[in-house]
Amino acid sequence: MRVFEVREQFGNCLELVSMDPNFHNITVGLFIKNDILTVWSYSKIEGVKSRLNTIRDKMVELGGLKSIDKDFKLKVPKGYFIERPLRFLFTQSVEKDPGFKFDNGPISASDNKTRLSFNIRGENKNDNYVYVVSTTGEHERPIIRIRAVVGGFVKYGECIKLNDESFCFKDKKQHDEYVRILLPYARNVSAVENMITTSEQTGQMNTQTLGFSQ
Amino acid sequence: MKTMTKKERVFSALNRQEVDRPPVANPTSVATVEMMDLVDAPFPEACRSAELNARLAATEITEFDFDSIAPYFSIIQESSAIGCDMQWEQKDNWPTVRMSNPIWQSASDVKVPKDFLEHKDTKVIIDSIKILRKEFGNDIPIIGKTMGPWTLAYHVFGVEKFLLGTIDNPSETKLALEKLKEFTYLFGEAQIDAGADILTVPDHATGDLVSGQYYKTFLQELHTEMAENFKVPLILHICGQTVDRMPAIAETGMHAFHFDSKNKPQEAMNAVQNKIALVGNINNPETLYSKTTTDVKKEVFECLNAGVQIIAPECAIPLKTKSENLIAITEGVSDWISEHNKN
C-alpha cells in the first residue's frame, strides 16, 4: 500500500516502533481511524501479515481491546481510548517476547528504588472505580513512594489523583489492563522520562546528535 | 499562471522569482524508517548502495509529492572516503563520524586520497544521482550535497581541537579550510556531472558553537568563491541560531540559505533583505516528530506568510517521522494558497 492509501484507510499514526526485535527489525505503526485501530507495516517481508496479527492479538490479550474479524484490526471499547497507555500497550506488544503474559493475580510490582513492593487494588465507590496504591515491605516513609506512583498514573494514564494514595481514570471506569501496563512506568517516572528522551533523540539530526555542540 | 514543472518551480523560487505555488523541497534528507520498509532500503545499507539509495530517495517524490529529490541522506559520505573512523549505526539512527578519534592533526595532513571519488561511499551518491536522473528525467530537480570545509574540519580534526585552533592559530585554520575545500569542489562537481541540478553545502558554523563574526572571518569568502565557481545554484545549510550571520550569508551570492527553526521566519526574512532565497524551517524534533498535522500546517503558514521561498523541514528529518506529517507540509501549502486566493 502507498502512503496516501494507508492514511485514507487506517487514519493517523498513534505510535511507531522503528525496529521490531521479534521480526526482522521491521517498522510497525499503530493507526487509528474513528474507533478502529490498525497494526501496520510497509514491509513486504514474507510472514509480515502473520506477525502483524500476532501483535494485534497481543494487544487484545494484554490490553482488553476487541479483535475484529479483519487482518491487523482491533476495536477500542468505549472509554478505552486513552492515548498514552494505548501507546505503551502497542510498544510492549511489539517489543516483548511473543510468549510474554501478565500474571492474572493481584496487580503488584516491586519498587526499583527501595525494597518496597507496590500493590494496587480497585473498588467501586459511588459509581467511581477507585484504584488504591499500598506497599508491603520496609521503608521509613512509604507514602513518599506511593505518592510518586500515583503521580506516575496521572502522567502516563491521564488519571485523576483523588488523594496521595488513590486515583481513578477519566471515565471513572475499571481499566485493570491499563493499570498493569502502566505500573512499571508509573513507579519510576524519571527513568522512564530518560528512556523516552533517549528514544526521541535516536534518528534526529541536529547539532547535538551530530556532536557539533554540547 | 501556467502550471510549472517541479524543476521550473524550484529554480524560480531559488531565483526569488514568481512561482505557480511555493515549492516543498528539502535540501537535506527525507528518509524515514517507514519508507525504508516500503522500498526495502534500510539504513545503513541505503547510504552505501546506489540502488538502495536511489530507491529510498525517490519516495520523496513518489510518496510525498515534494518538488525535489535529495539522495545524500547523511553528512558523512566524504569523511568515510577520506578515512575517518565511522559508526554506521542501524536502521533507526544516522551514521556518524567518531570525532573523538580524529585522523588528522594539522593543515599539512590534509591530502585528497587518490581514490576519493572512486571510494564506495562517495561513488554511491554519484551513481544514485545517475539512476535518479534516468528514472525521473529532466523535470524533477535533483539536489546533490557536498560538505563544506568547516564541517569536514570537525570530522577530520575533531570539534574541540578544530575550534581551539581558530583561537590559537587562525592562519593555520584558514589554511586547513582552504585545503579542505578541495573535497567540496571535487565531490560537488562529480555530482553535477552525474546530473545534480542544485547542490546543498552544509557547513556547520552554527550559532551553538561560534559567533557570526567567525562566519565572516573564516567562511564568507570561501562561500562567495564557491557561489562563483560552481555552475549550479547552491543552497547553504547551517543548523542552529544563525540570524546574526544571515546578512553575511546573503552577500555570498549563493542562491539560498536553508535555516533552522531556532530562527523565526520573519526575522530571517528581515535579516537577508531579499538578497538570497530562504528554505525552511519546519521544526523537526518537536513538530514533525511528535506533533499533529495541524501543528505542521501552522508552521507552513508562518513561513509562507513571512515570504519564505521554499518550504522544507529545517534539516534532515527525524528517521521516525510519521508519514502524515510529511504529507501535511504539502497540504499546508495548498491550504495556504486556497486561503490566500479567497482573500
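So the protein lines, in turn, are chains A and B.
Every letter in the first sequence is one number past the one before it in the working numbering, and letter 202, counting from 1, is 451.
Every letter in the second sequence is one number past the one before it in the working numbering, and letter 242, counting from 1, is 256.
Just so it is clear, CB atoms sit at the ideal spot from N, CA and C, and this is done for glycine as well.
Can you grab the Cα-Cα spacing for the pair residue 251 of chain A / residue 451 of chain A, in whole Å? By 1-based counting over the first sequence, the position of residue 251 of chain A is 2. By 1-based counting over the first sequence, the position of residue 451 of chain A is 202. In a straight line, the C-alpha of residue 251 of chain A is about 26 Å away from that of residue 451 of chain A.
Mind pulling the chain A residues with CB within less than 8 Å of residue 47 of chain B? Stepping through the second sequence from its first residue, residue 47 of chain B is reached at position 33. Within chain A, the residues near residue 47 of chain B are 265, 267, 268, 276 and 452.
Output the boundary residues of the alpha helix (DSSP H) element that contains residue 344 of chain B. Translated into the one-based positions of the second sequence, residue 344 of chain B becomes position 330. Per DSSP, residue 344 of chain B belongs to the alpha helix (DSSP H) from 337-356.
Segment contact flag, the stretch 238-248 of chain B with the stretch 197-213 of chain B, C-beta cutoff 8 Å, min 3 pairs: yes
Beta-carbon proximity list for residue 300 of chain A, same chain, < 7 Å, skipping 5 on both sides: Counted from its first residue, the first sequence places residue 300 of chain A at position 51. Cβ within range, chain order: 272.
Cβ closer than 9 Å: which chain A residues qualify as neighbours of residue 89 of chain B? As a working note, residue 89 of chain B is residue 75 in the second sequence. Those are 454 and 459, listed as they occur along chain A.
Measuring CB to CB, does residue 266 of chain B end up less than 8 Å from residue 238 of chain B? Taking the first residue of the second sequence as position 1, residue 266 of chain B is located at position 252. Taking the first residue of the second sequence as position 1, residue 238 of chain B is located at position 224. Cβ distance < 8 Å, so residue 266 of chain B and residue 238 of chain B count as in contact.
In chain B, which residues lie with their C-beta within 9 Å of the C-beta of residue 293 of chain A? As a working mapping, residue 293 of chain A is identified with position 44 in the first sequence. 51, 52 and 54, listed in chain order.
With distances taken between CB atoms, is the gap from residue 229 of chain B to residue 180 of chain B smaller than 8 Å? One-based indexing of the second sequence puts residue 229 of chain B at position 215. One-based indexing of the second sequence puts residue 180 of chain B at position 166. Contact flag unset, no.
Look at residue 314 of chain A and residue 307 of chain A and say whether their C-beta atoms are less than 8 Å apart. Position 65 of the first sequence, counting from 1, holds the residue named residue 314 of chain A. Position 58 of the first sequence, counting from 1, holds the residue named residue 307 of chain A. Their beta carbons are not under 8 Å apart, which means residue 314 of chain A does not touch residue 307 of chain A by this criterion.
The stretch 36-54 of chain B touching the stretch 326-334 of chain B, judged by at least three CB pairs closer than 8 Å: yes
Give me the chain A residues within the contact set of residue 294 of chain B, using Cβ-Cβ distance strictly less than 8 Å, ordered along the chain. Start at 1 with the first residue of the second sequence, and residue 294 of chain B comes out as number 280. Those within 8 Å of residue 294 of chain B in chain A number zero; the least Cβ separation is about 14 Å.
Please classify residue 291 of chain B as buried or exposed, where buried requires at least 16 neighbouring CB atoms within 10 angstroms. Residue numbering aside, residue 291 of chain B sits at position 277 when the second sequence is read from its first letter. Result: buried.
Taking Cβ positions only, does residue 262 of chain B come closer than 8 Å to chain A? Locating residue 262 of chain B in the second sequence gives position 248, where the first residue counts as 1. Not an interface residue.
Going by DSSP, name the residue or residues bridged to residue 273 of chain A. Translated into positions along the first sequence, residue 273 of chain A becomes position 24. Residue 273 of chain A pairs with nothing; no bridge assigned.
Rounded C-alpha distance that separates residue 345 of chain B from residue 80 of chain B: Along the second sequence, read from residue 1 onward, the residue named residue 345 of chain B stands at position 331. Along the second sequence, read from residue 1 onward, the residue named residue 80 of chain B stands at position 66. Taking the straight line joining both Cα atoms gives about 11 Å.
I think residue 392 of chain A touches residue 51 of chain B, with their Cβ atoms under 8 Å apart; what is that distance to the nearest whole Å? As a working note, residue 392 of chain A is residue 143 in the first sequence. As a working note, residue 51 of chain B is residue 37 in the second sequence. Incorrect: roughly 48 Å between the Cβ atoms, too far for contact.
Residue 100 of chain B by DSSP, collapsed to three states: which one? For the purposes of this step, residue 100 of chain B is identified with residue 86 of the second sequence, where counting begins at 1. Strand, per DSSP.
Does residue 261 of chain A get closer than 8 Å to chain B when you measure Cβ to Cβ? For the purposes of this step, residue 261 of chain A is taken as the residue at position 12 of the first sequence. It does; some Cβ of chain B falls within 8 Å.
Span of the beta strand (DSSP E) around residue 264 of chain A: Taking the first sequence and counting its residues from 1, one reaches residue 264 of chain A at position 15. Start and end: 261-266.
Pick from B/118, B/235 and B/148: whose alpha carbon is nearest that of residue 162 of chain B? For the purposes of this step, residue 162 of chain B is taken as residue 148 along the second sequence, with counting starting at 1. The candidate whose alpha carbon is nearest that of residue 162 of chain B is B/235.
Who are the neighbours of residue 338 of chain B on chain A, taking C-beta pairs under 8 Å? Within the second sequence, residue 338 of chain B is the residue found at index 324, counting from 1. Within 8 Å Cβ-Cβ: 256, 261 and 262.
List, in chain order, every chain A residue whose beta-carbon is nearer than 7 Å to that of residue 106 of chain B. Here residue 106 of chain B is taken as the residue at index 92 of the second sequence, counted from 1. Simply 267, 268, 451 and 452.
Buried or exposed: where does residue 390 of chain A fall if 16 or more other Cβ atoms within 10 Å of its Cβ makes it buried? Counted from its first residue, the first sequence places residue 390 of chain A at position 141. When all chains shown are included, residue 390 of chain A counts as exposed.
Residue 427 of chain A to residue 304 of chain B, Cα distance in whole Å? The count along the first sequence starts at 1 and reaches residue 427 of chain A at position 178. The count along the second sequence starts at 1 and reaches residue 304 of chain B at position 290. Cα to Cα, the separation comes out at about 23 Å.
Have a look at residue 434 of chain A and residue 116 of chain B and give me their C-alpha separation to the nearest angstrom. Here the question's residue 434 of chain A lines up with position 185 in the first sequence. Here the question's residue 116 of chain B lines up with position 102 in the second sequence. Spanning the two alpha carbons is a distance of roughly 40 Å.
Using the Cα positions of residue 353 of chain A and residue 289 of chain A, report the straight-line distance between them to the nearest angstrom. Start at 1 with the first residue of the first sequence, and residue 353 of chain A comes out as number 104. Start at 1 with the first residue of the first sequence, and residue 289 of chain A comes out as number 40. When rounded, the distance between both Cα atoms is 29 Å.
For a test of your reading of the model: does the CB of residue 380 of chain A fall under 7 Å from any non-hydrogen atom of the ligand FMN? Yes or no. This structure simply doesn't include the ligand FMN, nor any ligand for that matter.
Would the stretch 395-402 of chain A count as touching the stretch 412-421 of chain A if we require 3 or more Cβ pairs under 8 Å? yes
Stretch-stretch touch, CB-based, cutoff 8 Å, three pairs: the stretch 133-145 of chain B with the stretch 177-194 of chain B: no
Could you tell me whether any Cβ in chain B is nearer than 8 Å to the Cβ of residue 300 of chain A? Against the first sequence, residue 300 of chain A aligns to sequence position 51. With 8 Å as the cut-off, residue 300 of chain A does not count as an interface residue toward chain B.
At a CB-CB cut-off below 9 Å, which residues of chain B make contact with residue 251 of chain A? The count along the first sequence starts at 1 and reaches residue 251 of chain A at position 2. Under the 9 Å cutoff, chain B gives 52, 76 and 77.
Are the C-beta atoms of residue 383 of chain A and some chain B residue less than 8 Å apart? Position 134 of the first sequence, counting from 1, holds the residue named residue 383 of chain A. So, not an interface residue.
Taking CB distances under 8 Å as the criterion, tell me whether residue 148 of chain B reaches chain A. Within the second sequence, the letter at position 134 stands for residue 148 of chain B. Residue 148 of chain B does not count as touching chain A.
Name the chain A residues that come within less than 7 Å of residue 115 of chain B, Cβ to Cβ? As a first step, residue 115 of chain B must be located in the second sequence, where it is residue number 101. Within chain A, no residue comes near residue 115 of chain B; the closest Cβ sits about 12 Å away, beyond 7 Å.
Taking Cβ positions, are residue 326 of chain A and residue 430 of chain A nearer each other than 8 Å? Sequence index remark: in the first sequence, residue 326 of chain A carries index 77 (1-based). Sequence index remark: in the first sequence, residue 430 of chain A carries index 181 (1-based). No, the Cβ-Cβ distance between residue 326 of chain A and residue 430 of chain A is not below 8 Å.
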